[in-house]
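A.B. asks: Top to bottom, those sequences are chains A and B.
So the first sequence is residues 0 to 149, counted in numbering that gives the first Met the number 0.
So the second sequence is residues 0 to 149, counted in numbering that gives the first Met the number 0.
Virtual Cβ for every residue (Gly too), placed ideally from N, Cα, C.
Number of protein chains: 2
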Amino acid sequence: MKLEPWEIEARFRRHAVRITRQRAAIYAALSETTSHPTAEDLYRTVKRQHPMMSRNTVYYTLGVLRQAGLVQEVNVGHEVARFDGNVTVHHHLVCLGCGQIVDVMDDGLNQLAISSRQARGFHVLGHRVEFHGYCADCQQAGLGAMARRG
Amino acid sequence: MKLEPWEIEARFRRHAVRITRQRAAIYAALSETTSHPTAEDLYRTVKRQHPMMSRNTVYYTLGVLRQAGLVQEVNVGHEVARFDGNVTVHHHLVCLGCGQIVDVMDDGLNQLAISSRQARGFHVLGHRVEFHGYCADCQQAGLGAMARRG
DNA sequence: CACTAGACAGGAATGATTCCTACATAGCAT
DNA sequence: ATGCTATGTAGGAATCATTCCTGTCTAGTG
């Protein structure tokens, strides 16, 4: 979702995050997409408007925003870290073909619990569910490949 | 669970994995623990009995065993890869304090489904649930710390 | 027992992320 | 507005898990 500059600044103030051009640009870029970009993706995007932007600043800023609760880190398998400007509780659907990650908002999933027998004394604070499968496009491509193979 | 050499060899044959001392040692080490070791952990463990073992072989072997379906890779957050000799469908409980990972076997969790509206055309093949919290020991330690602070 | 595809060791290379440091600036107090 | 100081930034070096490369070595086959 595209955010106005004043909205970004308000959120930063609300979360006690110092307002800088770089941070606003990074957060804006992340908020505008639903594609869960990597730090490198964000670096390339913001670099277009801020040619002096350093990779370091992107990593540092993502760390700051994460600690402030404005950004979530999403990790799928052992691939590079991805980031999500959607900090509401939600889960993910991952395509095994193209790697795309789609948000899943589902109250049922948010309410999952674990039996106390299984919890083994843990004090459980939250959970994360990750579904794996093939997106419509990759299913299509797969069928095509099978057809070509005969 | 400790496996006899013949049992390891039988599994390798069943999964068309070439039998070598190194592979047997790595798989044995992984099967004996429930602690989800990293490649480095396994390397250090097997190196005791096989001083010539190279790190490379550990990574290569884990890759082979994973593809053969004898080993599962478990990733928590963006930390180093961890491995699990338990290839039955199960989920994990992660301690935010000490990082330990505990297996959770729960039929209810195995049967989670996603509404077709949310699935957005995906063909879903599986899912993974990760619970986060604090283990009994870390809760204990946390209370201690709070008490000391007054 | 010989052959060969595949495995092994060890070192080099890669690449995401973090560390270091000198310079710049946001936000506060004057 | 102006200056002060804690914090942020750029850019390059360093780290470290993992992968790649290459020259032996060996499991499994006939």
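Going along chain A, which residues have a C-beta under 7 Å from S114/B?
C.D. replies: Within chain A, the residues near S114/B are D105.
A.B. asks: Kindly indicate if chain B contains any beta-carbon less than 8 Å away from that of V16/A.
C.D. replies: No, because no Cβ of chain B sits closer than 8 Å to the Cβ of V16/A.
A.B. asks: Taking one C-beta from the segment 110-128 of chain A and one from the segment 92-110 of chain B each time, how about it: are there three or more such pairs within less than 8 Å?
C.D. replies: Enough Cβ pairs lie closer than 8 Å, so yes.
A.B. asks: Can H91/B and E129/B be called in contact, C-beta distance under 8 Å?
C.D. replies: Yes, the Cβ-Cβ distance between H91/B and E129/B is below 8 Å.
A.B. asks: Grab me the residues of I7/B's own chain with a C-beta within less than 7 Å of its C-beta, minus the 5 sequence neighbours each way, in chain order.
C.D. replies: Excluding positions up to five away in sequence, the list reads A23, Y26, A27.
A.B. asks: Can you list the residues of chain B that V101/A reaches, using a CB-CB cut of under 8 Å?
C.D. replies: Per Cβ cutoff of 8 Å: R119, F121.
A.B. asks: Here's the rule: buried if 16 or more other CB atoms are within 10 angstroms of the residue's CB, otherwise exposed. What is H35/B?
C.D. replies: It is buried - the Cβ of H35/B has at least 16 other Cβ atoms within 10 Å.
A.B. asks: For the beta strand (DSSP E) that contains G132/A, what are its first and last residues?
C.D. replies: Here the beta strand (DSSP E) through G132/A covers 122-133.
A.B. asks: What is the residue span of the beta strand (DSSP E) that V88/A lies within?
C.D. replies: Element bounds for V88/A: n/a, residue is neither H nor E.
A.B. asks: Run through the DSSP bridge pairs and tell me what I100/B is partnered with.
C.D. replies: Note: I100/B sits in a beta bridge opposite V93/B.
A.B. asks: Should R127/A be flagged as near chain B, meaning a C-beta pair shorter than 8 Å?
C.D. replies: Output row for R127/A: interface = yes.
A.B. asks: DSSP on G149/A, reduced to helix/strand/coil?
C.D. replies: Unreliable positioning characterises G149/A in this predicted model, as indicated by a pLDDT of 39, which lies under 50. The coordinate reading is nonetheless provided below. Reduced to three states, the DSSP call for G149/A is coil.
A.B. asks: Return no unless some Cβ of chain A is closer than 8 Å to the Cβ of H131/B.
C.D. replies: Yes, H131/B lies at the interface with chain A (some Cβ there is under 8 Å from its Cβ).
A.B. asks: Can you give me the Cβ contacts of R17/A inside the same chain, cut-off strictly under 8 Å, excluding the 5 residues immediately before and after it?
C.D. replies: Result list for R17/A: F11, in chain order.
A.B. asks: Following the continuous beta strand (DSSP E) through E6/A, name the residue where it begins and the one where it ends.
C.D. replies: Careful: E6/A lies outside any beta strand (DSSP E), inside the alpha helix (DSSP H) at 4-13.
A.B. asks: Counting only C-beta atoms, is A80/A closer than 8 Å to chain B at any point?
C.D. replies: Closer than 8 Å: yes.
A.B. asks: Pull the bridge partners of R81/A from the DSSP assignment, please.
C.D. replies: The partner list for R81/A (beta bridge, DSSP) reads T37/A, V73/A.
A.B. asks: Excluding the five sequence neighbours on either side, which residues of its own chain have a C-beta within less than 6 Å of the C-beta of D83/A, listed in chain order?
C.D. replies: Once the five neighbours on either side are set aside, the close Cβ partners of D83/A are H35, Q71, V73.
A.B. asks: Please report the straight-line C-alpha distance between A112/A and P50/A, rounded to a whole angstrom.
C.D. replies: Cα to Cα, A112/A sits roughly 47 Å from P50/A.
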